[in-house]
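Report on one structure; see the data block that follows.
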Amino acid sequence: MPRPGQEELAQRNRVNVGLETVTNQASTDFPGHWPGENHEWDLGYFRENFKVQFHTNAPLDSSFSLIGIDTSIANAFRRILLAEIPTVAIEYVYMKQNTSIIQDEVLAHRLGLIPLTADRKALSWMKWYKKPTDEDPGSGSPSDYNTLMLTLDKKCEWQEGGLDRAARGETDPERLYKNHNIYARDLEWHKFGQQVEIWGDGEGLRAVHPDILIVKMRPGQEISMQLHAIKGIGQDHAKFSPVATASYRLLPTIDILKPIVSADAKKFARCFPKGVIGLEPVTAEDAKKDPELRGKEGEAKAVVKNAMRDTVSRECLRHPEFADKVKLGRVRNHFIFRVESTGQWNSDELFLESVKLLKIKCQKVRRGLDEMMK
Amino acid sequence: MSDANAQEEYQPSKPHKDEFSALLEPFYYGKSMTDPINTAEDKWNLLPAFLKVKGLVKQHIDSYNYFVDVGLRKIIQANRVVRSDFDPKFQLTYTDIRIERPNRQEEEDLENHRSSVTPNECRLRDMTYAAPIVVDIIYTRGNTRVKRTGVKIGRLPIMLKSNKCVLSGKNDRDMAGLEECPLDPGGYFVVRGQEKVILVQEQLNKNRVVVESAKGIMQASVTSSTHERRTKTYVIQKKGLMYLRHNTLSEEVPIVIVLKALGVNSDKEILLMVAGEDSAYQDAFAVNFEICGRENIHTQERALEFIGHRVRLSKKPPGASRLRNYHLEAIECLSSVILPHVPVNGTNFRQKAIYLAFMARRVLMAIQDPKLVDDRDYVGNKRLELAGQMLALLFEDCFKRFNHDFKLSIDKVLKKQLRAQEFDAFSHFSVHKNHITLGVERALATGNWSLKRFKMDRAGVTHVLSRLSYVAALGMMTRITSQFEKTRKVAGPRAIQPSQFGMLCLADTPEGEACGLVKNLALMTHITTEDDEEPIRKLVFDLGAEDICNYTGEEMHGEGVYSIFLNGTPIAVTYGPKRFLNTFRRLRRMGRISEFTSITINHHYNSVHIATDEGRICRPLIVVENGRSKVTARYLKALRKGNMDFDSFLSRGLVEYVDVNEENDSNIACYENEINQYTTHLEIEPFTILGAVAGLIPYPHHNQSPRNTYQCAMGKQAIGAIAYNQFTRIDTLLYLMVYPQKPMVKSRTIELTKYDKLPAGQSATVAVMSYSGYDIEDALILNKASCDRGFGRCQVFKKTVQPLKSYPNGTSDRVNSALLERDNPKHHAIGEDGIVQVGRKLEQGDAFLLKSSPLDTAPGMTNVRWNEKPLTYKLPDCSYVDKVCITENESAGTPLIKLLMRQTRRPELGDKFSSRHGQKGVVGLIVPQEDMPFNDQGINPDIIMNPHGFPSRMTVGKMMELLSGKAGVLDGSLQYGTAFGGSKVEDMADMLLQHGFSYSGKDYLTSGLTGEALAFYVFFGPIYYQKLKHMVQDKMHSRSRGPRAILTRQPTEGRAREGGLRLGEMERDCLIAYGASQLLLERLMLSSDAHEVDICEKCGQMGYHGYCRLCDSDVAVRHLTMPYAAKLLIQELASMNVKVVIGLEDEFPRE
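These protein sequence lines map, in sequence, to chains A and B. Each residue of the first sequence is one higher than the one before, counting from 1 in full-length UniProt numbering. Each residue of the second sequence is one higher than the one before, counting from 1 in full-length UniProt numbering.
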């Protein structure tokens, strides 16, 4: 059985980035595609080749590479991150009073989109809230284990002497009114029932970003409402999505086929973001190896320094002088993930959570298959 | 103590800013004061300066102000005196007329009262925003003359932002206090709570000769228009002979005889006056003299008698002798009926004769050279009639009727010779003031201008101001309607005229029947108001021209002699037309005469035309002298600093107004580098050839032209913010967008019209690719997460008005809170007062007002029964109550309950969206975010658009918008897509590159479904998308069974009546062709209006209960089913004495 060489494997693993098309974008390492080769999935092989590298890891923004994994799996993580990891967000708003200029529905919509956060453990204790159905409108009553209650009661008033200042032409609301800007920090959480023990005395439910402006008011206007936050998933509404975005890109590759030197090299470097292409002097050794470089010793030569920083703008392909000297591509099984959490989870936790969810899903399918086979 | 100190030291933090303060700020629309000035690029700064002075709808306001300040006085002048038929001593003279400040009707009689009425109050209370008209009069009472000042004779609706309006001269802050939007253009009226616009009316110009060829007959015609009369006079050429035609003449009168009657006695003089010394013209005209010989008319006397015989008498004066004085009648007719606008001094008809001779000459010339026939569609031959002129016509009519009514009522008293007490006519004076108030108000409310005097009967003069979006309102203010019939299929009036360049918008016209007939003004267009002729006449003579009356025909038409026409009437003659013209222009640039006076030379007719009349379309241009633009960097710097404004540019002669005729006579350079020795003017900015609505389109000069026209129609349907006071308004139907955004790619026009402050749309990230097949035929794919986050979210406000009427028997409708049933679920939304509570949700069938009205309303009825059914919410979709307004109507004093219902809608399948390039589409599919493709940064598109939308539409501007928008997003700047300018594609591509994107705007995307890269690059970036008012929720309709029409028993029609879906003629044809007879029968009869009848086989008539009345038997009666409509037809025919016999036979007869 002929085994493909390292070169060949790397080539197969390459998505070709052309001037107008992308080719070879689908993976081929599955059984039956290459005659006489065995591409059955093998745990040992996977273990050996699979690598995770973290590039940055901040709570709200992490970036890491998954290397040696199939596209479908990577995409599944991405999709789960976007749509299936549960978070808590405001779903029901009970308006008692709203005399601000923002209408009830719009205000409720704005409140729903505010990312909330709390102690992870306490949040994971939360159960799903069952929505009342048409058949049984009484079902799904909120309880301590599935609903978190917040209130927002604010009234805008004149500051002391504010009226006087207004009469004299003052227009700056900061110097005239009290409570004229309502921010996410004004949401007040009230624990009830079992929540009192389970949530303890630590920081409770709060907005991730306290400075989100909810509504502006003027004296005489008032809002008063009770808000119910429940657990939900991004599939139902984008407000439950735990990420601002979660996506991946493939590792770019730049292959300089023929040496690019002197003025061209500088121009070539300018076709890429800073730090992708470096300029090195042509050494005597190079000159010896490549007949084209003969006599050009000491001049600048373009070398790939850090392909990962490339944004694949394909600018170099546009210039005819680089037409046959460079080949752009991307490594098909090197996924550079970027997860930007909205704050309820840490970005790295989110990824682990997505793995967990995928596992649960697989188990479900497996159980289903077993069920079928019985 | 410390408090007082604090107060003294206290300084307001920021000075108050005014609307146009941007102009005076150190930053002048993105340019700093210290930036170098480039006259070629920065001359557009004149445009905001122009709009600051003129405003977008200044035409309407100027015209109205002219009417109020000058026009009213002129009308009073023309109708100064009212006399009685019976008492020759009686006389009432008007000395002055004024419009006071607007007030409420009930405040009319209060003295020294300052009304607090605001336009918004009038909107909310269904009132008319009007002000009293007061006059000063002097009249005779007995033997004394009584003077009275400030007598109210009626109320005149006030145009918003005119100088009588409470909003005029108010800054933004005051406007906010009056609950008015500072960006509102004004220029409309509030009549009975509705905002009404008097559209600009396009007409053929008055008092000018138009030469036309109709059915082979060459004719010159003039529509004379004076305050007294409006008539049309023709000079026609028929079978080689020339005649004068006029409605008052029973037949056409040979032109020679008319000229003779006008005092030109010698044949030679007539010949020379008409034909000059040109032998070709002389030969063509000479035949006309034959008639003089034949009719033996050689003197003025004979000619007058000849004409007098042909004068039609309008009304025979009662008691006058049957013997007519033909002579006098002819003189009367010639002096005041034919060409009434040409002045006649006593019996000196010289000017009129010259005028007529010129008309005849024009006909002669047109026969010799058909090119000299006038073009009716030439914009220079058009006049625009504005609100002020329309109101002047209306008011004069009402005022005349008022005087007439007043005269009739005093005559009734004065007729009686013996009176008990001294008669004071004043007591009869104010009685009729309602006539003026109501007459004007009714005309404005209905749009019917019916004036007996001018035989004018126009419908649709006013329209309700469209408040669908800010641009819709703005577009309406610049709209021009034409008097042409819409049904006629003529191309001429609808075509774009080269002469409309810069005056009328090229793109903004509706599609369909009104195409090309309804136009819009361009951005810089100004419409002139009337200027006084007298100073111009004096100036003409001062400049060395000589009175034309002193000239003979020979001299008039001599070589190098140019006649000078003032508003179409020849008044003088000059030998040096060019010099005359230049001096005249110089005087105008110096500001010695009105800047709107226009002067042109017409070399075809050897004439110089000066125009001062109203309704001419004109626009400002930069003056070029000696090959150099007069606007230099120095002046622009002064403008930027605020030391100069547009008027000072005008008064220094750097910029001047040029009307269409003068524009046609000028050599205008578009850009400064195009100026050569012949150039007379320089454009201020090329993009001003478009109007306010077309100005919203980015890069319109790269689009296929009809696309711009489509966008002009669609921009008016876009949902957005309509005004800063939008939440204080209660409109019948109001669409608002929840989160409108200003466009990323804006234009200068957008800034000038302040569209960026009241936008109608959102910047959507668009991927131009195909997805799923639900995007064919322009359908769009929407991202569900985007919709969740508020994209395309809009609100619909609907109004319900309930007046509580009073009835003759003293009863009135009432809100009966006693009817409230607490445990009735239908009453859940109602409050203690019986009215629905604000914020409550209303679903179909819920009660919102516990109104009860009396069933017996006849006078004298007591013991009234009441209809106590509460009003219920009818719509299938639920609403929330937004506002409840309880107020009182002004005139009737009936309480008025206005309820505003609100719906908030997120985009759904089938909602209509459009970009700014006439590319509309409906939502075909809403896709979850994770299924959407994404780029390297993880950005998903909000909208996926199918690329097939591009090749056939050729909207290159849209692609450029995407490119500029994307570059702007990455750079954090707003880009320009101004017509004939804007950000350059090369620069945009460079910016994209700098931020690591492909220069082409095409990105590498990954499929969200498979996770693999897409095989192609996708054009990806932000495009401004508008949500249009057509939403599925308002149109969705189906029915299985439902209501039927009473008369025909067929299903009702239309969604509002829960109607059926019609199987029409063409559908029927299909079923016939297919042979589906049973299906046809079911659809057309059984499912519609099947009706069982008994028909007597013998007599063919319908019977009942199996019995035929006619035959008095039940033997041959058969039972069958037929459409009820057919049965109805038979009975209706019977009622017209037409007997219909129904013949029956077996469907399957036995052999």
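Where a beta carbon is used, it is the ideal one built from N, C-alpha and C, also for glycine. None of these values were measured; they are calculated from a predicted model.
Nearest neighbour of residue i, chosen from the options [CA to CA]
i: A49 (chain B); options: B:M524, B:S786, B:D1069; result: B:M524
i: A122 (chain A); options: A:M308, A:G204, A:L251; result: A:G204
i: V146 (chain B); options: B:C181, B:N120, B:L178, B:Q91; result: B:Q91
i: E662 (chain B); options: B:F649, B:F584, B:C712, B:V631; result: B:F584
i: residue 1157 (chain B); options: B:K382, B:K152, B:Y378; result: Residue 1157 (chain B) lies beyond the residue range present for chain B, which begins at 1 and ends at 1151; the question has no answer from this structure.
i: D375 (chain B); options: B:A1125, B:L178, B:A220, B:S817; result: B:A220
i: H702 (chain B); options: B:P803, B:L587, B:T978, B:E513; result: B:T978
i: V344 (chain B); options: B:N664, B:R192, B:I571, B:L517; result: B:I571
i: E222 (chain A); options: A:K96, A:P259, A:E7; result: A:K96
Close beta carbons around residue i, own chain, < 7 Å, minus the five adjacent residues each side
i: M932 (chain B); result: N783, N940, P941, G1008
i: V311 (chain B); result: T248, L249, E329, A330, C333
i: V1093 (chain B); result: M1102, L1120, M1122, K1127
i: C794 (chain B); result: I719, Y735, L736, M737, V738, R905, K1027
i: S607 (chain B); result: Y562, S563, F565
i: A261 (chain B); result: Q300, A303, L304, I307, A330, L334
Status (buried if at least 16 other CB within 10 Å, exposed otherwise) for residue i
i: W41 (chain A); result: exposed
i: S162 (chain B); result: buried
i: I1072 (chain B); result: exposed
i: Y1074 (chain B); result: exposed
i: Q25 (chain A); result: buried
i: R1041 (chain B); result: exposed
i: E890 (chain B); result: buried
i: K641 (chain B); result: exposed
i: T71 (chain A); result: buried
i: I1046 (chain B); result: exposed
i: V287 (chain B); result: exposed
i: L56 (chain B); result: buried
i: N38 (chain A); result: exposed
i: I217 (chain B); result: exposed
i: N676 (chain B); result: exposed
Own chain residues within Cβ distance below 8 Å of residue i, not counting five before or after
i: Q11 (chain A); result: none
i: Y94 (chain A); result: M225, Q226, L227, H228
i: R1057 (chain B); result: P1043
Own chain residues within Cβ distance below 6 Å of residue i, not counting five before or after
i: R294 (chain A); result: A287
i: S354 (chain A); result: F77, I80, L81
i: W125 (chain A); result: I198
i: P370 (chain B); result: none
Below-7 Å beta-carbon distance, residue i vs any chain D residue
i: R789 (chain B); result: The structure shown contains no chain D; its protein chains are A and B.
Residue(s) in a DSSP beta bridge with residue i
i: Y92 (chain A); result: A:H228
i: T462 (chain B); result: B:I198
i: Q717 (chain B); result: Q717 (chain B) pairs with nothing; no bridge assigned.
i: T912 (chain B); result: Looking at the sequence provided, one finds Lys at residue 912 (chain B) rather than Thr. Beta-bridge pairing links K912 (chain B) to B:V922.
i: K51 (chain A); result: A:I67
i: E340 (chain A); result: A:T245
i: E157 (chain A); result: A:K178
Distance between beta carbons of residue j and residue i, contact taken as under 8 Å
i: A764 (chain B); j: Y1025 (chain B); result: 4 Å
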